[in-house]
Amino acid sequence: AFLFVIAALIHIYLNWNTLWGYIRTRVEAGLDRKLELSLALVLTLTFFILTRAGIFPFGTVTRLGENLSNSWGTHGRIPPIPRVETYSLRTLCRLLELDLEEAMKKLRSEGLTAVDSLTTVSDIARENGIPPIEIGRILEVEVVR
């Protein structure tokens, strides 16, 4: 990609006069068509203003895009951390900016034993006979292997 950009710049430099002549000819030809140019400008400005004002049906497309974007959100879930089961509960809470005491209380309230700040997520899961992903579910964290 870098070599392509360099080659393109060299090509433009070597053919500058031809390129500039082509651009100038096209612009002059376009300016001779004042009616078409004016109509295109008026239509573009009209669509822009009506869309920005949110007037139906123009604003509908914008709202649809916003609704789609919002629907793809994580809904408050914390992004996954690879190999999270290897971290101690303390480290995991620090990485995810969770309160350690609250996390331990949450795990204990679910009936889990061996919940300690220095115990790894994997060890807590093994001690309780559940997969590590279940601990992530309890803490509302996505666990990835």
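Read in order, the letters of the sequence shown are residues 1275 to 1419 in this note's numbering. Yeah, the Cβ is synthetic: ideal placement off N, Cα and C, and Gly gets one too. The model shown is predicted, which means the values in this text are computed figures rather than measured ones.
Glu1384 beta carbon near the ligand GTP (any heavy atom closer than 8 angstroms): Among the components of this structure there are no ligands whatsoever, and the ligand GTP is therefore not found.
Arg1400 - containing alpha helix (DSSP H), residue span: Val1395 to Asn1402
Best match in Leu1372, Thr1365 and Leu1370 for proximity to Leu1392 [C-alpha to C-alpha]: Thr1365
Pair within 9 angstroms by beta-carbon distance, Leu1413 and Leu1370: yes
Supposed contact pair Val1395 and Ile1404 - C-beta distance, whole angstroms, cut 8 angstroms: Ile1404 to Val1395, Cβ: 11 angstroms. No contact.
Endpoints, the alpha helix (DSSP H) within which Ser1343 is located: Phe1332 to Ser1345
C-alpha gap between Glu1294 and Pro1356, whole angstroms: It should be pointed out that residue 1294 corresponds to Trp in this sequence rather than to Glu. Using only the alpha carbons, I get a separation of about 53 angstroms.
Rounded C-alpha distance that separates Arg1298 from Trp1290: 12 angstroms
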